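Once you know that position 186 of the sequence shown is 189 in my numbering, the rest is easy, because the numbers rise by one and skip nothing.
Note that beta-carbon positions come from the ideal geometry of N, C-alpha and C, so glycine has one too.
Predicted, not measured: the structure shown is a model, and the values here were computed from it.
Here the structure comes first, spelled out in structure tokens, and everything after it is commentary.
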Amino acid sequence: MEDKRIVKVINEWNDISDSDWYMSYRTNEVIREILTNPVSVFHNKTWEVIKNAIPNLKDINICVPSSGDNRAVLALAAMGANVTSGDICEKQLEHAKKIAEKNNLNIKFIAQDTMKLDEIESNQFDFVYTSEGVHVWINDLNSMYKNIYRILKKDGVYINYEIHPFTRPFAYEDGRPKDKNIVIQKPYEMTGPFDDGVEFHWRLQDILNAVSNSGLSIKRLEEMHDEKDKGHFWFYKKERVNMTREEIDEYYDWTKNPLAALPQWFTVCAKK
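Right under this line is the structure:
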């Protein structure tokens, strides 16, 4: 029987998956861009880490737990990989499955709790990838990484792309940085749960220790700033189209937006 927190997360994501915001990531134009230029889905530094660890993605077996909007799943499949997409939200998977079938992509979709992955056999994957916004929903990091280790083949690789925990304590008065005072909303060590027990704000050490404790060997860590040409940390893509170049530049200038001095993202690469 699933605990109340997990049920709440599932229900929240099933509601969100049909929202206008999420549907905007599934338009024909967006999907066409992913399929014709799949590398664009990834942060440039994250893509560098992936290519360094796995030079050829074609025909390898990849699992993407907590696949969310499935943009990374679609991109990896477009590059010729055999991809398994796992997510706790069945509606997210249903939307992505329709896109995959329409475009003849080799993707298996499976409803899975990333802390369990209990319907996935051990030693199956060459590469496991998790994208942004995964860890905030995870209340047991050790279980998550223990199972990522389990499903990887020997010498298999795990790589993530995630919001940098250093950003978590800070906010601006109205959520926008331009000409606003910075507000400290919590100490770094306060990891949650927040929002009625649903979300967690793990520290970098919490995540890296869980990776290491699983048996994975950490090979590389990158801490990155948001990308000015395609980033979405400070605003959503649909907001970008209505902004001037000057307005965009100010978000990425730490003298005008002090929080831009901190890294917004990080990527870790580990090997079994």
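query                                                                              : result
Nearest-angstrom Cβ-Cβ length linking D129 and I65, presumed shorter than 8 Å      : 7 Å
Range of the contiguous alpha helix (DSSP H) that encloses A56                     : 47-56
Opening and closing residue of the beta strand (DSSP E) in which K233 lies         : It is not in any beta strand (DSSP E) - K233 carries neither H nor E in the DSSP assignment.
Coarse secondary structure for K111, derived from DSSP in three states             : strand
Burial state of M193 (16 or more Cβ within 10 Å)                                   : exposed
Local conformation of N40 per DSSP, three classes                                  : coil
Simplified DSSP state of I102, which is helix, strand or coil                      : helix
DSSP-derived helix/strand/coil call for V163                                       : The displayed chain sequence assigns Asn, not Val, to residue 163. N163: strand per DSSP, three-state reduction.
Alpha-carbon to alpha-carbon, E250 and W237                                        : 11 Å
Exposure of L96, with buried meaning 16 or more beta-carbon neighbours within 10 Å : buried
W334 (DSSP reduced to helix, strand or coil)                                       : The structure shown does not extend to residue 334, since the chain spans only 4 to 275, so no value can be given for it.
Status (buried if at least 16 other CB within 10 Å, exposed otherwise) for M4      : Only weak support is given to the placement of M4: the predicted model assigns it a pLDDT of 41, under 50, and the value that follows is read from those uncertain coordinates. Answer is exposed; the Cβ neighbour count stays below 16.
Straight-line Cα distance separating P68 from K111                                 : 12 Å
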